[in-house]
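The structure appears right after this line, and notes come after that.
Number of protein chains: 2
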Amino acid sequence: MSMSLDPVILVNGILTDSLPVTDRGLAYGDGLFETVQLQDGRPLLLEAHFERLLQGCRRLGIASEGLVARLRDDLSRLASMQDLAAWGVLKITVTRGAGGRGYLPLPDLVPTRILMLSRAPVHADAPAVNGVRVRLCDLRLALSPRLAGIKHLNRLEQVLARAEWTDPAIREGLLLDQEGWLVEGTMSNLFWVCAGRIFTPQLDRSGVSGIVRNRLLALASEEGLEVEEGRYPLSHLEQADEAWLCNSLIDIWPVTALAERCWPVGPVTRRLQQLLTEDYRAC
Amino acid sequence: MSMSLDPVILVNGILTDSLPVTDRGLAYGDGLFETVQLQDGRPLLLEAHFERLLQGCRRLGIASEGLVARLRDDLSRLASMQDLAAWGVLKITVTRGAGGRGYLPLPDLVPTRILMLSRAPVHADAPAVNGVRVRLCDLRLALSPRLAGIKHLNRLEQVLARAEWTDPAIREGLLLDQEGWLVEGTMSNLFWVCAGRIFTPQLDRSGVSGIVRNRLLALASEEGLEVEEGRYPLSHLEQADEAWLCNSLIDIWPVTALAERCWPVGPVTRRLQQLLTEDYRAC
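Residue numbers (my numbering), protein chains in the order written: chain A, 1 to 283; chain B, 284 to 566.
Below you can see the structure in the form of structure tokens.
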């Protein structure tokens with residue numbers, strides 16, 4: 001991975017690299033974020049990212065009237081200042097705003113909008129082609145139906161899970177929930193194929209409902225491949241014929257090893273990689 | 284001395300009201316905080332706050348060598364700039380630091396230290412004397428043993444729970460965990476007395492191990508009053524003879540009403556208020 005240049009940041013439409021200390025995003029993680037891939041300067045699946053952001057605002061009670069229009073203006077401003085094709089990642093963060101006292105979210109708070117451009121991580125080992133080794137994390141995700149699915153700023157579980165290993169050959173850690181059901185990776189969603197059927201964990205009690213995950217559900221369905229969402233134990237994945245991870249930056253990474261279990265890169269994985277690439281071209 | 288009502292903030296020892304956008308405290312809630320009461324300019328139970336902060340650093344793997352010494356220097360600097368007796372609250376926030384990419388907490392990150400002075404909230408209705416009405420929140424706290432007890436920055440559950448009511452006559456909301464056991468209030472810990480014995484929830488799976496809570500455990504013990512920590516249903520509290528809330532700013536508030544259940548302010552509550560007041564004088 002390389003990160004050569006400092007990110008370019010707009011806060012509420014203004015070029016800056018700082019934020020008021022009293023922002024509730026810092027105080028309580030009281031906000032949401034989206035990580036958008038820029039492909040030749042084009043933000044991929046942007047409307048789906050905005051939709052999830054709005055859903056998150058509704059769930060958290062963050063004022064969202066006019067928010068997307070303002071984010072579009074911010075993005076235009078960024079594009080007028082920077083050649084977006086020179087950047088790989090657009091991170092959008094929205095917090096409930098600055099000020100207020102204590103946990104009570106006052107209704108007159110104005111949400112903070114943060115857009116940050118940074119370079120795409122470079123993976124010299126071509127994990128999308130060759131697949132990746134993953135591990136099982138010790139940390140188990142809490143069950144929290146009120147926060148499940150949305151991409152909020154309370155990410156200590158992911159930080160602690162990602163801190164469990166430093167071996168760069170291991171590219172992701174899989175997470176079970178408190179009851180032992182498979183949920184996702186620390187930064188990705190998980191799919192696998194078993195006897196010709198595709199499976200992925202349901203995310204109603206923990207996990208993040210990923211934009212690429214949801215796009216894959218639609219693409220698979222259009223292809224006549226139904227995906228079964230449910231609660232599955234690790235053993236179900238271990239019996240799979242193929243498996244993959246996905247998120248908005250990595251697209252699809254085949255999983256080729258988990259502890260002693262090894263997989264070839266499978267045909268369904270390759271087919272969905274192809275469909276996603278075509279989908280990106282069309283969107 | 285500033286007469287402004289705006290908080291006075293030191294970030295890493297420098298007077299400012301802003302923070303780098305790339306701070307992991309904002310990105311992931313990757314940090315901790317302490318809320319310290321200033322009594323006539325004296326920070327109450329400061330050593331216990333530092334101890335909990337260090338415990339939190341160890342739990343999260345945040346570098347803590349020399350941290351408390353630097354926080355003491357920051358506090359001295361604040362005291363040289365401001366008459367602390369004019370302020371009521373010192374909030375100390377420590378994050379893992381700025382920068383890095385993704386969830387992986389790089390070991391060379393330098394923690395961010397934030398000290399903020401603000402006015403104490405004024406409660407015209409003297410809740411410590413007259414007691415408060417509380418409600419039961421709908422939100423149930425997730426079970427998260429890895430995060431339980433410490434005062435980390437992932438506080439969306441508290442924000443959502445506090446958003447459940449706006450009636451200013453209700454001063455606190457009580458929270459059950461996902462399994463239905465009593466945990467705490469949104470901003471306070473909870474005690475009650477039943478047939479001459481004192482009870483409080485154990486906080487090994489959710490909740491914040493409050494500084495005043497832990498001081499009360501010690502003070503009660505010195506008084507020959509043992510406190511039983513365990514898992515209790517709401518019905519156990521409803522059968523209580525008296526109950527109270529505590530935190531570092533409110534000290535002890537007697538609970539006088541929960542839905543239809545009403546309590547007088549009880550003798551154990553009053554005794555512990557007295558012991559805490561004396562303890563503050565001595566510390």
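We put the beta carbon where it would ideally sit given N, CA and C, even for glycine.
Check this for me: beta carbons of residue i and residue j, under 8 Å apart or not?
i      : j      : result
A/D83  : A/G13  : no
B/G308 : B/L436 : yes
A/Y103 : B/V442 : yes
A/Q39  : A/S248 : no
B/C420 : B/A444 : yes
A/I252 : A/Q273 : yes
B/G382 : A/G29  : no
A/L115 : A/L10  : yes
B/V491 : B/L457 : no
A/I211 : A/A48  : yes
B/R384 : A/P127 : no
A/L139 : B/R429 : yes
B/P388 : A/A163 : yes
B/L517 : B/E455 : no
A/E51  : A/I92  : no
B/E354 : B/R325 : It should be noted that the sequence gives Leu, not Glu, for residue 354 of chain B. Not closer than 8 Å, so no.
A/C283 : A/L54  : no
Cutting at 8 Å between CB atoms, please list the residues of its own chain near residue i, excluding the five before and the five after it.
i      : result
B/A523 : W475, V476, C477, F482, W546
A/D230 : According to the sequence shown, residue 230 of chain A is Gly rather than Asp. Same-chain partners within the cutoff: F199, P201, Q202.
B/L502 : L555, L558, L559, D562
A/V227 : F191, I198, F199, T200, L216, L217, A220, S221
Just to confirm the assignment, what range does the beta strand (DSSP E) spanning residue i have?
i      : result
B/E317 : 314-322
A/E222 : No beta strand (DSSP E) holds A/E222; the alpha helix (DSSP H) holding it covers 211-222.
A/P254 : 251-258
A/V68  : Run containing A/V68: none in the beta strand (DSSP E); it sits in the alpha helix (DSSP H), 67-81.
A/R101 : Per DSSP, A/R101 belongs to no beta strand (DSSP E) and is neither H nor E.
A/R171 : 170-177
A/L115 : 112-118
A/R197 : 197-201
Buried or exposed: residue i, going by 16 or more other Cβ atoms within 10 Å of its Cβ?
i      : result
A/L143 : buried
A/T277 : exposed
B/T449 : exposed
A/G23  : The sequence shown places Asp at residue 23 of chain A, rather than the Gly named in the question. Buried, by the Cβ-count rule.
A/N130 : exposed
B/S359 : exposed
B/S471 : buried
A/M1   : With a pLDDT of 39 at A/M1, under the threshold of 50, the modelled position of that residue is not reliable, and no figure is offered here.
B/P480 : What sits at residue 480 of chain B in the sequence shown is Arg, not Pro. When all chains shown are included, B/R480 counts as exposed.
A/G224 : exposed
B/R564 : exposed
A/E65  : exposed
A/T69  : Before going on, a small fix: residue 69 of chain A reads as Ala here, not Thr. It counts as exposed.
Can you give me the Cβ contacts of residue i inside the same chain, cut-off strictly under 6 Å, excluding the 5 residues immediately before and after it?
i      : result
B/E521 : R544
B/S401 : P290, V372
A/W87  : L38, L117
With respect to the alpha helix (DSSP H) encompassing residue i, which residues constitute its N-terminal and C-terminal limits?
i      : result
A/C283 : Segment: none, A/C283 is in no alpha helix (DSSP H) and carries neither H nor E.
B/A310 : 307-311
B/E467 : B/E467 -> not in any alpha helix (DSSP H); beta strand (DSSP E) instead, spanning 465-468.
B/L337 : 329-343
B/P410 : 410-413
A/R162 : 156-162
B/L373 : Not the alpha helix (DSSP H): B/L373 falls in the beta strand (DSSP E), residues 372-378.
B/L508 : Looking at the DSSP string, B/L508 is not in any alpha helix (DSSP H), and its letter there is neither H nor E.
A/L234 : 234-238
Keeping to the same chain, check which residues put their C-beta closer than 7 Å to that of residue i; ignore five residues upstream and five downstream.
i      : result
B/G339 : L315, I433, K434, H435
A/S206 : L141, A142, L143, S144, A148, D177, V183
A/M3   : With a pLDDT of 45 at A/M3, under the threshold of 50, the modelled position of this residue cannot be trusted; read the value that follows with caution. So the qualifying residues of the chain are S118, R119.
B/L394 : The displayed chain sequence assigns Pro, not Leu, to residue 394 of chain B. If we look at B/P394 and ignore the five residues flanking it on each side, its Cβ neighbours are I345, A346, L350, V377, T378, R379, G380.
A/R270 : none
B/L439 : none
A/L46  : V36
If we define contact as Cβ-Cβ less than 8 Å, is residue i a contact residue for chain D?
i      : result
B/L422 : As a matter of chain content, chain D is missing from the structure shown, whose protein chains are A and B.
Taking a cut of 9 Å between CB atoms, which residues from the region 297-321 of chain B lie near chain A? Under the 9 Å Cβ criterion, the region 297-321 of chain B contributes T299, D300, S301, L302, P303, V304, T305, D306, R307, G308, L309, A310, Y311, G312, D313, G314, F316.
Looking at chain B, which residues of the region 161-177 of chain A have a Cβ within less than 7 Å of any of its Cβ atoms? Correct list: R162, A163.
If contact means a Cβ-Cβ distance below 9 Å, which residues of the region 92-108 of chain A contact chain B? Of all residues in the region 92-108 of chain A, T93, T95, R96, R101, G102, Y103, L104, P105, P107 have a Cβ within less than 9 Å of some Cβ in chain B.
Mind checking the region 426-443 of chain B against chain A and listing, in chain order, the residues whose C-beta falls within less than 8 Å of any C-beta there? Hits within the stretch, in order: L426, S427, R429, L430, H435, L436, N437, R438, L439, E440, Q441, V442, L443.
Output needed in chain order: residues of the region 358-376 of chain B with a Cβ under 8 Å from some Cβ in chain A. From the region 358-376 of chain B, only T376 have a Cβ closer than 8 Å to chain A.
Mind listing which residues of the region 231-254 of chain A have their C-beta closer than 8 Å to chain B's C-betas, in chain order? When CB distances to chain B are screened at a threshold of 8 Å, not a single residue of the region 231-254 of chain A falls below it.
Can you pull out the residues from the region 107-128 of chain A whose beta carbon lies closer than 9 Å to at least one beta carbon of chain B? Answer in chain order: P107, I114, M116, S118, P121.
Select from the region 325-356 of chain B all residues with a C-beta closer than 9 Å to any C-beta belonging to chain A, and list them in chain order. Residues are counted here when their Cβ sits less than 9 Å from a Cβ of chain A; for the region 325-356 of chain B these are R342, L343, G344, given in chain order.
Output needed in chain order: residues of the region 467-487 of chain B with a Cβ under 9 Å from some Cβ in chain A. The region 467-487 of chain B vs chain A, Cβ under 9 Å: T469, M470.
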